[in-house]
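Novice: No gaps in the numbering here: position 72 of the sequence shown is 577 in the numbering used here, and each next residue is one more.
Pasting in a structure now, in structure tokens, and then I'll have a few things to ask.
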Amino acid sequence: MVQMLNNNRKFLTMILLGTAVSLAVVSGAIASLPDSDHVISQKGKQFGPRDVFLRSGEHVTIVNDDANFVHHAYVESEAFAFDSGDIEPGAKAVITFPKEGDFIVLCGIHPKMKLAVHVE
Ligand SMILES: [Cu+2]
Numbered sequence: 506m507v508q509m510l511n512n513n514r515k516f517l518t519m520i521l522l523g524t525a526v527s528l529a530v531v532s533g534a535i536a537s538l539p540d541s542d543h544v545i546s547q548k549g550k551q552f553g554p555r556d557v558f559l560r561s562g563e564h565v566t567i568v569n570d571d572a573n574f575v576h577h578a579y580v581e582s583e584a585f586a587f588d589s590g591d592i593e594p595g596a597k598a599v600i601t602f603p604k605e606g607d608f609i610v611l612c613g614i615h616p617k618m619k620l621a622v623h624v625e
């Protein structure tokens with residue numbers, strides 16, 4: 506009887522350990538996924554960097570870090586369309602790219618601002 510209890514305890518310990526190990530493996534896998542937060546500046550009335558490479562389903566975060574200019578970001582493509590509306594200084598817009606392809610993000614206020622997004 507005592508032997509059985511001991512065996513049960515060992516079994517429970519093994520299950521708990523196993524659960525802890527698989528949780529650690531899962532959270533490790535999540536942590537090792539590519540960081541999809543590609544931050545793009547709008548400083549000096551230009552996107553920086555001007556090219557960004559993503560995987561399908563990833564997003565970019567457009568940050569208006571220009572102190573005195575309102576910016577904007579839009580995409581018009583066959584795959585999808587996006588319009589941020591005004592991005593005030595200090596504000597951000599997040600654009601998710603659902604499909605593969607090459608896309609151009611433009612600022613409706615400053616037509617020279619262009620960001621090329623390459624989605625693989
Ligand atoms: Cu702009």
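Backbone N, C-alpha and C define an ideal beta-carbon position, used for all residues, glycine too.
Source: prediction; values computed, not measured.
According to the neighbour-count rule (16 or more other Cβ atoms, all chains shown, within 10 Å of its Cβ), is H577 buried or exposed?
Specialist: Within the sequence shown, residue 577 is the residue found at index 72, counting from 1. Buried, since its Cβ has 16 or more Cβ neighbours within 10 Å.
Novice: Among S546, P603, L620, which one has its Cα closest to the Cα of A584?
Specialist: In the sequence shown, residue 584 corresponds to position 79, counting from 1. The candidate whose alpha carbon is nearest that of A584 is P603.
Novice: Can you tell me whether F574 sits near ligand 1, meaning its C-beta is under 7 Å from at least one heavy atom of the ligand?
Specialist: For this step, residue 574 is matched to residue 69 along the sequence shown. Indeed, a heavy atom of ligand 1 lies less than 7 Å from the Cβ.
Novice: Run through DSSP, which three-state label would K617 get?
Specialist: One-based indexing of the sequence shown puts residue 617 at position 112. Looking at K617 - three-state DSSP - the assignment turns out to be coil, as it is neither helix nor strand.
Novice: Apply the 10 Å Cβ neighbour rule to A572 and answer buried if 16 or more other Cβ atoms are within range, or exposed otherwise.
Specialist: Sequence index remark: in the sequence shown, residue 572 carries index 67 (1-based). By the 10 Å Cβ count, A572 comes out exposed.
Novice: Where DSSP assigns a beta bridge to E581, which residues make up the other side?
Specialist: Residue numbering aside, residue 581 sits at position 76 when the sequence shown is read from its first letter. In DSSP, E581 forms a bridge with A586.
Novice: Is the CB-CB distance between S582 and V624 below 8 Å?
Specialist: The residue given as residue 582 occupies position 77 in the sequence shown. The residue given as residue 624 occupies position 119 in the sequence shown. It is not a contact, given that the beta carbons lie outside the stated cut-off.
Novice: With a threshold of 7 Å, establish whether the CB of K548 neighbours any heavy atom of ligand 1.
Specialist: Position 43 of the sequence shown, counted from the start, is the residue given in the question as residue 548. Answer for K548: no, Cβ out of range of ligand 1.
Novice: Determine the direct distance from the alpha carbon of T601 to that of A529, and round the result to whole angstroms.
Specialist: Position 24 of the sequence shown holds residue 529. Position 96 of the sequence shown holds residue 601. Residue placement at A529 is flagged as unreliable, the pLDDT there being 46, under the threshold of 50; the coordinate-derived value follows with that caveat. Spanning the two alpha carbons is a distance of roughly 29 Å.
Novice: Find out if the Cβ-Cβ distance for the pair I609, I592 is shorter than 8 Å.
Specialist: Reading the sequence shown from its first residue, position 104 is the one you call residue 609. Reading the sequence shown from its first residue, position 87 is the one you call residue 592. Contact flag unset, no.
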